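Visitor: In our numbering, each residue carries its 1-based index in the sequence shown increased by 14. Cβ atoms here follow ideal geometry from the backbone N, Cα and C, with glycine treated the same way. The structure presented is a predicted model; accordingly, all values stated were derived computationally and were not measured.
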Amino acid sequence: MMTMTRIAAVTLAGSLMMGVGLVHAEPAPLRLTLNDAVRLSFERNLDLKVELYNPAQAQADIYRALGIYDPVLNASVNYSRSSTTETFFFTPINIDTFSATAGVTQQLPTGGTLGVSGSSGWISNSNSYYNNGFSVSASQPLLRNFGRETTELTIEVARFGKEGSLARYRTKLADTVAQVRNDYFKLYNLRELLQVKRTSLALAQKILEETRGRVKAGVLPAMEILNAEFSAASREKEVIDAERAVRDQVDVLRLILQLENAADILTAEPPMRELVTLAEPEALTRALSNRPELAAQRANLRIDELQRRVAKNRTLPDLSVTANFGFQGYDPRFGGAYERTLKADFPTWGIGLQFSYPIGNRAAENDYIKSKLVLEQAQTQLRSLESGVANEVRAALRLVDTSFRQIEVTSRGTAYAEERLRAFRTKNAVGLATTKDVFDVENDLVSAKATQIQALVDYNNALTTLWRVTGELLERQGIKVSAAQADELYQRAK
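1. With a threshold of 16 other CB atoms inside 10 Å of the CB of F369, please say whether the residue is buried or exposed.
2. Name the one or two DSSP bridge partners that Q121 has.
3. Contact check, G132 vs F148 under 8 Å by CB: the rounded distance?
4. Between which residues of its own chain and A152 is the CB-CB distance below 8 Å, once the five residues before and five after are set aside?
5. Figure out for me which residue from F438, R419, N92, Y144 has the closest Cα to the Cα of V290.
6. Please identify the residue among A498, P346, A443 whose C-alpha is closest to the C-alpha of V229.
7. Tell me the rounded alpha-carbon separation between R312 and Y77.
8. Among residues of its own chain, excluding the 5 on either side of F112, which ones have a beta-carbon nearer than 7 Å to its beta-carbon?
9. Under the three-state reduction of DSSP, which class applies to Y504: helix, strand or coil?
10. Among P85, R268, A89, which residue has its Cα nearest to the Cα of L122?
11. How is the beta strand (DSSP E) around G364 delimited, first residue to last?
12. Only counting runs of 3 or more residues, tell me where the beta strand (DSSP E) segments fall wholly within the region 359-446, in order along the chain.
13. From what residue to what residue does the beta strand (DSSP E) around Y83 run?
14. Can you give the Cα-Cα distance for A377 and V324, rounded to whole angstroms?
15. Expressed to the nearest angstrom, what Euclidean distance is found between the alpha-carbon atoms of L280 and Y67?
16. So, helix, strand or coil for I493, using DSSP?
17. Could you tell me if A476 is buried or exposed, where buried requires 16 or more neighbouring beta carbons within 10 angstroms of its beta carbon?
18. So G147 is in the alpha helix (DSSP H); what residue range does that whole segment cover?
19. How about V260 and L208: do their beta carbons lie closer than 7 Å?
20. Closest to I365 by CA distance: which of G340, K386, L389, D381 is it?
21. Would A70 pass as a contact of Y382 if the rule is Cβ separation under 7 Å?
22. Going by alpha carbons, who is nearest to E166 out of E250, D454, I317, R434?
23. Using the C-alpha atoms, what's the distance from T329 back to I373?
24. Shortest alpha-carbon distance to L157 belongs to which of E65, L459, S334, G492?
25. In whole angstroms, what separates the C-alpha of I239 from that of Q219?
26. Around the C-beta of E489, are 16 or more other C-beta atoms found within 10 angstroms, so that it is buried, or is it exposed?
27. Just verifying my parser: in three-state terms, what is the DSSP assignment at R182?
28. Checking the sheet assignment: what are the DSSP bridge partners for I109?
29. Which stretch, first to last residue, makes up the beta strand (DSSP E) that contains R45?
See below:
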């Protein structure tokens with residue numbers, strides 16, 4: 015009975031502990047491939063979401079500019095009373111006038127306007143009657159402000175502005191992807207380095223035990239134990255520091271990927287070791303074609319070129335032709351006035367020219383001069399950017415080449431360091447090398463392994479830099495940027 019009670023108690027305690035463990039269980043470590051990390055940054059990174067609002071706002075600017083083609087409806091109703099006297103008998107007369115007018119005005123791509131209006135009125139005096147009318151009017155600039163280009167200036171500026179905004183979003187996205195790749199490989203580097211430190215600590219502890227045994231046997235002096243204990247303690251501290259560095263880097267990656275529930279992040283994909291070759295002329299061609307910074311500057315250049323042409327047009331005299339045509343109908347009855355209007359009993363029409371030109375025209379002329387200077391400045395900025403891009407490409411190609419060669423060099427260095435350690439351990443076993451000598455050589459091995467790991471990571475970071483400066487990083491990661499993403503934000507805000 016006593017035995018059964020103990021079993022039940024142990025079972026209950028175990029169940030409670032399991033329950034507590036389930037309640038407080040930490041999330042499982044998240045294994046991420048490089049593509050997974052890049053995808054998460056694309057989907058979750060808050061800075062990218064902030065940047066995407068700019069092309070969405072640019073889309074609103076486009077539709078706002080298109081508003082010049084929205085027909086404008088106008089209407090008015092007026093009533094007035096005036097008093098006068100009859101010419102012959104000087105009898106007072108009150109004149110009551112009521113009028114209602116409605117019309118539509120439309121902007122034309124040529125720069126002109128077209129209007130249609132209808133009116134109805136009633137005049138009460140000694141002879142009351144109704145006055146109805148219908149008219150069509152048009153106005154067209156012939157010199158200044160003539161043509162689609164000047165009319166749609168704000169529309170085209172908004173469209174080019176959206177292109178530039180999308181290019182800047184691509185720049186931000188490429189920077190983020192490059193940062194994710196570098197942070198991912200840095201975490202790989204730190205985890206590999208932690209493993210090296212742990213292996214070094216295990217070896218130091220093994221040497222310490224061997225040294226204690228040999229001192230106890232009288233083969234080595236007691237001083238050797240102090241050397242071994244000091245080296246083991248130093249390596250234990252290095253392991254603690256390496257563990258902290260790994261946790262810090264996990265937090266960095268968790269922040270950029272917006273992973274709130276992941277207890278730990280494990281890199282599931284090692285850096286690539288294959289040689290990537292790219293000829294300099296081809297790399298330069300790709301960079302000049304693909305770099306989003308250049309695309310943004312070219313969009314600004316198109317805006318400046320368009321504004322220069324429009325500014326030149328606005329130095330011309332303002333000469334416009336106007337025309338109108340309509341019908342009037344007068345009758346004591348409202349229906350009669352309406353019928354007379356439809357029959358065109360009283361047609362009206364007119365045509366005219368309007369001319370204006372400021373003497374000296376300094377405002378328009380200097381606007382044009384300024385627009386030319388702005389355009390030349392933008393062209394110079396583009397050439398400067400292209401020169402900078404070319405320099406970045408050449409530097410990135412050199413970095414890839416040297417980084418790849420360092421992988422082989424550091425691999426040989428690690429092999430030599432391992433061979434030296436084996437040799438010194440053998441010498442130590444026969445008394446030809448001290449324990450301190452062994453630990454010094456083992457330190458060299460740890461340094462060689464760390465350098466080898468860093469060389470591999472540096473090579474992959476160099477590839478990231480190369481693909482970033484040639485503008486193909488997003489394509490390499492399978493990311494496509496289109497205006498649809500910004501348009502979706504715009505539609506959601508409507």
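Guide: Reading off the structure:
1. exposed
2. T127
3. 5 Å
4. G126, T127, L128, G129, T336, A337, N338
5. R419
6. A443
7. 22 Å
8. Y93, G135, W136
9. helix
10. P85
11. 360-370
12. 360-370
13. First-last for Y83: undefined, no H or E at that position.
14. 14 Å
15. 32 Å
16. coil
17. buried
18. Not the alpha helix (DSSP H): G147 falls in the beta strand (DSSP E), residues 143-155.
19. yes
20. G340
21. no
22. I317
23. 11 Å
24. S334
25. 11 Å
26. exposed
27. helix
28. S96
29. 44-46
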